[in-house]
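Below: the structure, in C-alpha cells.
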Amino acid sequence: MRATTSVRVAGLFGLAALAVVGLGMTPASAPDDPAADRKVALITGSTSGLGEALALDLAAEGWHVIVHGRNVERGEAVVEAIEAGGSGSAVFLPADFASLDEVRGLADQVRSQVDRLDLLVSNAGIWRPAEEGRLESEDGHELHFQVNYLAGYLLVEELLDLMEASAPSRIVKVSSVAQAPMDFDDVMLEQEYTDFHAYSQSKLAQIFHAMDLAERLEGTGVVPVSVHPATIMDTRLVEERGMAPRTSVDEGVEAVLAVALGDDVVAGAYYRGLERAEPHAQALDPEAREALRALSRELTGR
Ligand SMILES: NC(=O)c1ccc[n+]([C@@H]2O[C@H](COP(=O)([O-])OP(=O)(O)OC[C@H]3O[C@@H](n4cnc5c(N)ncnc54)[C@H](OP(=O)(O)O)[C@@H]3O)[C@@H](O)[C@H]2O)c1
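Okay, so the sequence shown: first residue is 43 according to the working numbering, each after it adds one.
This is the structure we're talking about:
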C-alpha cells in the first residue's frame, strides 16, 4: 500500500500546526477510503503500552484504528505495523492532551477523516514521578487531572454525535484500581499535592464520567464503561516510575477488549479486569458527581 504523509494546519482556536501523519489514509468520503466497510476505533494514547497493543489487536481483526499520542515517530511505527499486518488500516493523529485546544483539534480531525466511530477507548494517561512535583497543563490545570480525565471528557463531548450516529457503539475509560476521592475545594491540588493522589483522583473522575454518560445516553445504543486493565503492567508508565512489572500488557488487553466488544456489558459499570466491581464510594455520591460535572463543563465549555 502506498504511504502518504500529510501535514495540515488546524485553523480553529489558533492552534499551532497539528501534524496529521496518515499512511495510506484518505478522507472517509473518497472512493478508495481504507476505513470504508470497517469498524472504526479511536484509541487515545496508542503510541505505546496498552493502547498500542489494543490498536494492533483491533487492526488484526480488520478494524480501522485511529492511533493517537504525541510522539510522531512511535505513532507512525504503530500505523506501519498495522499496514504491514494486512488486515486492518490506521491513521495517526497527534494531539497533546495538556492542551484542550489540541483535544478539540483532534476531534475535528476525527470528524473530517471518518464518518463513523464504533469505539472510543480513553486510554491516554500519565503518572509522573514524585520528584517532578506538581505540574500544570497549558490550560493551567493540574496535569494528571487534565491529561487523564478532562481531555477525555472533552473528547467524548466533541464526538458524541458521531458515536450516537454510529450506534451500537462503546466508550471505554481505561481507569485503575488506584482511585482517590476528589476534594472539590482543591481539585487542582494547589494546597496539598502528591503524585499518587493526583493520579488516583483522575482515575476516579474517569469512572464518574462513564456513570454520568450511561445515564445521559440510555436508549441511544452508546454504551460507556470504565475498566481497570491489569495491575502494574510492563509499560512505559510503569518503567518510568522504576516499578517492577507484575502483569503483562496482554492481560490488560484482554480486560479492555472484554468490555469493548463483549456482549454482557453493563452501561456505566466499572470492571476490574474481567469482573464487574465496585468503584470508590465517592462514585455513589450524587453531589460529588454533580460537582465534577459542573467543574468539567466550566473548564471545557461543554
Ligand atoms: N501500566 C499499568 O499497570 C496500568 C494499570 C492501570 C491503569 N493503567 C492505565 O492504562 C493507560 C495506558 O497506560 P500505559 O501503562 O500503557 O502507559 P504508557 O505506555 O506510558 O502509555 C501512555 C500513552 O498515553 C499517551 N500520552 C501520555 N501523555 C499524553 C499527553 N499529554 N497527550 C496525549 N497523549 C499522551 C502516550 O503517548 P505519547 O508519549 O506519544 O504522548 C502513550 O501512548 C493509562 O491511562 C494508565 O493510567 C495502566
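Ideal placement from N, C-alpha and C gives every residue a C-beta, glycine not left out.
Under the three-state DSSP convention, the category GLY319 falls into:
Reading the sequence shown from its first residue, position 277 is the one you call residue 319. According to the sequence as given, residue 319 is Ala; it is not Gly. DSSP, read as helix, strand or coil, puts ALA319 in strand.
DSSP-derived helix/strand/coil call for LEU135
Numbered from its first residue, the sequence shown carries residue 135 at position 93. In the displayed model, LEU135 falls within a strand according to three-state DSSP.
First and last residue of the alpha helix (DSSP H) that includes LYS245?
For this step, residue 245 is matched to residue 203 along the sequence shown. Residues 237–258.
My guess is that VAL120 and GLU94 are in contact by the Cβ rule of under 8 angstroms, so how many angstroms apart are they, rounded?
As a first step, residue 120 must be located in the sequence shown, where it is residue number 78. As a first step, residue 94 must be located in the sequence shown, where it is residue number 52. Rounded, the Cβ-Cβ distance is 5 angstroms, consistent with contact.
Where do the ends of the beta strand (DSSP E) carrying ARG212 lie?
As a working mapping, residue 212 is identified with position 170 in the sequence shown. Unbroken beta strand (DSSP E) run through ARG212: 211–216.
Apart from the five residues just before and just after LEU177, which ones in its own chain have a Cβ nearer than 7 angstroms to its Cβ?
Locating residue 177 in the sequence shown gives position 135, where the first residue counts as 1. ARG170 and LEU185.
Please name the residue, chosen from THR86, SER211, ASN190 and SER242, that lies closest to ALA309 on a Cα-to-Cα basis.
Here the question's residue 309 lines up with position 267 in the sequence shown. Taking only the C-alpha atoms, the option nearest ALA309 is SER211.
Nearest to TYR312 by CA position, among VAL265, ASP306 and PRO321, is which residue?
Translated into the one-based positions of the sequence shown, residue 312 becomes position 270. Of VAL265, ASP306 and PRO321, the residue nearest in Cα terms is PRO321.
heavy atom of ligand 1 below 8 angstroms from GLU282 C-beta:
Locating residue 282 in the sequence shown gives position 240, counting from the first residue. Relative to ligand 1, the beta carbon of GLU282 is positioned inside 8 angstroms of a heavy atom.
For the region 238–256 and the region 292–304, state whether three or more C-beta atom pairs, one from each stretch, are separated by less than 8 angstroms.
The region 238–256, when compared against the region 292–304, does not touch it at the 8 angstroms Cβ threshold.
Return yes when the Cβ of GLU118 is within less than 9 angstroms of the Cβ of PHE134, no when it is not.
On the sequence shown, position 92 is the one that residue 134 refers to. On the sequence shown, position 76 is the one that residue 118 refers to. In contact: PHE134 and GLU118 (Cβ atoms closer than 9 angstroms).
Give me the Cα-Cα distance between TYR235 and GLY175, rounded to the nearest whole angstrom.
For the purposes of this step, residue 235 is taken as residue 193 along the sequence shown, with counting starting at 1. For the purposes of this step, residue 175 is taken as residue 133 along the sequence shown, with counting starting at 1. For TYR235 and GLY175, the gap between their C-alpha atoms comes out near 8 angstroms.
Using only the heavy atoms of ligand 1, determine whether one of them is closer than 8 angstroms to the beta carbon of HIS110.
Looking up residue 110 in the sequence shown gives position 68. Set against 8 angstroms, the gap from the CB of HIS110 to the closest heavy atom of ligand 1 is smaller.
I believe SER208 touches LEU246 by the beta-carbon criterion, under 8 angstroms. Please report the beta-carbon distance rounded to the nearest angstrom.
In the sequence shown, residue 208 corresponds to position 166, counting from 1. In the sequence shown, residue 246 corresponds to position 204, counting from 1. A Cβ-Cβ separation of about 28 angstroms leaves SER208 out of contact with LEU246 under the 8 angstroms criterion.
Suppose you measure from the CA of THR273 to the CA of VAL219; what does that come to, to the nearest Å?
On the sequence shown, position 231 is the one that residue 273 refers to. On the sequence shown, position 177 is the one that residue 219 refers to. Approximately 8 angstroms between the Cα atoms of the pair.
CA-to-CA distance, LEU316 to VAL267, given in whole angstroms
Counting from 1 along the sequence shown, the entry for residue 267 is found at position 225. Counting from 1 along the sequence shown, the entry for residue 316 is found at position 274. Going from the Cα of VAL267 to the Cα of LEU316 covers about 12 angstroms.
Looking at the secondary structure, which residues open and close the alpha helix (DSSP H) in which VAL307 lies?
Stepping through the sequence shown from its first residue, residue 307 is reached at position 265. Unbroken run through VAL307: none, as it is neither H nor E.
Please tell me whether, using a cut-off of 8 angstroms, the distance from the CB of GLU174 to the nearest non-hydrogen atom of ligand 1 is below it.
As a working mapping, residue 174 is identified with position 132 in the sequence shown. Incorrect: GLU174 has no Cβ contact closer than 8 angstroms to ligand 1.
N-terminal and C-terminal residue of the beta strand (DSSP E) that ALA83 is part of
Position 41 of the sequence shown holds residue 83. For ALA83, the enclosing beta strand (DSSP E) has its first and last residue at 82–85.
Closest to GLU232 by CA distance: which of GLN155, HIS183, ALA333 and LEU192 is it?
Taking the sequence shown and counting its residues from 1, the one referred to as residue 232 is at position 190. Comparing Cα-Cα distances from GLU232 to each of GLN155, HIS183, ALA333 and LEU192, the minimum goes to HIS183.
Does the beta-carbon of LEU341 have 16 or more other beta-carbons within 10 angstroms, so that it is buried, or is it exposed?
As a position in the sequence shown, residue 341 is number 299, starting the count at 1. With 16 or more other Cβ atoms within 10 Å, it is buried.
Just the C-alpha distance for ARG258 and ALA97, rounded to the nearest angstrom, thanks.
As a first step, residue 258 must be located in the sequence shown, where it is residue number 216. As a first step, residue 97 must be located in the sequence shown, where it is residue number 55. Distance between the alpha carbons of ARG258 and ALA97: 28 angstroms.
With a Cβ-Cβ cutoff of 9 angstroms, do ILE108 and VAL152 count as a contact?
As a first step, residue 108 is located in the sequence shown; it is residue number 66 there, counting from the start. As a first step, residue 152 is located in the sequence shown; it is residue number 110 there, counting from the start. In this structure, ILE108 lies near VAL152, with their beta-carbon atoms less than 9 angstroms apart.
Beta-carbon of TRP169 versus every beta-carbon of chain D: anything under 9 angstroms?
Absent here is chain D; the protein component of the structure consists of one chain.
Does DSSP put MET275 in a helix, in a strand, or in coil?
Along the sequence shown, one-based indexing puts residue 275 at 233. Three-state DSSP puts MET275 in a strand.
Using 8 angstroms as the cut-off, classify the Cβ of MET253 as near or not near the heavy atoms of ligand 1, replying yes or no.
As a position in the sequence shown, residue 253 is number 211, starting the count at 1. The answer is no for MET253.
Considering only residues of the same chain and omitting the five flanking positions on each side of LEU364, which have a CB-CB separation below 6 angstroms?
Outside the shown range of the chain (43 to 344) lies residue 364, about which nothing can therefore be said.
Tell whether a beta-carbon distance below 9 angstroms holds between PHE250 and ALA325.
Counting from 1 along the sequence shown, the entry for residue 250 is found at position 208. Counting from 1 along the sequence shown, the entry for residue 325 is found at position 283. Against a cut-off of 9 angstroms, the Cβ pair of ALA325 and PHE250 comes out as a contact.
Ignore the nearest five residues each way along the sequence and tell me which others in HIS106's own chain have a CB closer than 6 angstroms to its CB.
Position 64 of the sequence shown holds residue 106. Around HIS106: ALA77, ARG80, VAL82 and SER131.
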